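Peer 1: Each residue of the sequence shown is one higher than the one before, counting from 2 in my numbering.
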Amino acid sequence: MRAVKYIVVHHTATRADTSPATIRMYHLKRGFSDVGYHYLITADGRVHAGRDESRIGAHVKGYNAESIGVALIGNFEKYPPSPQQWDSLLTLLAQLTARYNARVVWHSQLGRTACPGRYLRDKLERAFGDKPNAEYR
Ligand SMILES: [Zn+2]
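(1) Where W63 and Q85 are concerned, what is the direct C-alpha to C-alpha distance, given to the nearest angstrom?
(2) Near L97, which residues of its chain fall below 7 angstroms by C-beta distance, leaving aside the five closest residues on each side in sequence?
(3) Keeping to the same chain, check which residues put their C-beta closer than 7 angstroms to that of V36; ignore five residues upstream and five downstream.
(4) Please classify Y80: is it buried, with 16 or more other beta-carbons within 10 angstroms of its beta-carbon, or exposed?
(5) Just mark A128 as buried or exposed, buried being the case when its beta carbon has 16 or more other beta carbons within 10 Å.
(6) Grab the span of the alpha helix (DSSP H) containing A22 for me, first residue to last.
(7) Could you say which of L41, L91, N65, S55 lies nearest to T13 if we only look at CA atoms?
(8) Going by CA-CA distance only, name the one from T92, N76, S20 that's closest to P117.
(9) Rounded C-beta distance between E78 and A115? I'm assuming under 8 angstroms.
(10) Taking the runs of the alpha helix (DSSP H) that are 4 residues or longer, which of them lie wholly in the region 69-127?
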């Protein structure tokens, strides 16, 4: 099993009804070998498999080799994730952190980005606490 230290939460910064297949297509057009995330969660709360967990993703500069990427579809700068989406995220994060003995972080903790959007970031900070970037290096 690949050594994974971080489970990194993202948003796709797309419309909430964008399909996982469309996200994959965007990433293929950018020259990725497959969708960059390992999981995508749609607004209905369904968890969709992206890139296989055994493969290094393409979602967070400098940390891909040691992380798993989970993206919620939507733009959480503009509105919060749906309740079903948030519940599914918490369940998936519990499974992944246990499997890898990894810690939950979100994209903006590892790089200069608005991802995963302020509404989702607020919820993550309340659920997991916030720490300055330096603690994750
Ligand atoms: Zn991101």
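Note that CB positions come from ideal geometry on N, CA and C, so glycine has one too. Note that the structure is predicted; figures quoted are calculated from it, not measured.
Peer 2: Checking against the coordinates, here is how it stands:
(1) Along the sequence shown, one-based indexing puts residue 63 at 62. Along the sequence shown, one-based indexing puts residue 85 at 84. Residue identity differs from the one stated: residue 63 is Gly in this sequence, not Trp. G63 and Q85: Cα-Cα distance of roughly 31 angstroms.
(2) In the sequence shown, residue 97 corresponds to position 96, counting from 1. For L97, where only same-chain residues beyond five positions count, the Cβ hits under 7 angstroms are I8, I69, A103.
(3) Numbered from 1 along the sequence shown, position 35 holds the residue referred to as residue 36. Result list for V36: I24, R25, H28, G51, R52, in chain order.
(4) One-based indexing of the sequence shown puts residue 80 at position 79. When all chains shown are included, Y80 counts as exposed.
(5) In the sequence shown, the residue the question calls residue 128 occupies position 127. An exposed status is given to A128, since fewer than 16 other beta-carbon atoms sit within 10 Å of its beta-carbon.
(6) Translated into positions along the sequence shown, residue 22 becomes position 21. For A22, the enclosing alpha helix (DSSP H) has its first and last residue at 21-30.
(7) Residue numbering aside, residue 13 sits at position 12 when the sequence shown is read from its first letter. The residue with the shortest Cα to Cα distance from T13 is L41.
(8) As a position in the sequence shown, residue 117 is number 116, starting the count at 1. Measuring from the Cα of P117, the nearest candidate turns out to be N76.
(9) On the sequence shown, residue 78 is found 77 positions in, with the first residue counted as 1. On the sequence shown, residue 115 is found 114 positions in, with the first residue counted as 1. Yes, they are in contact, since the Cβ atoms of E78 and A115 sit about 6 angstroms apart, within 8 angstroms.
(10) Within the region 69-127, the complete alpha helix (DSSP H) runs of at least 4 residues fall at 84-101, 108-111.
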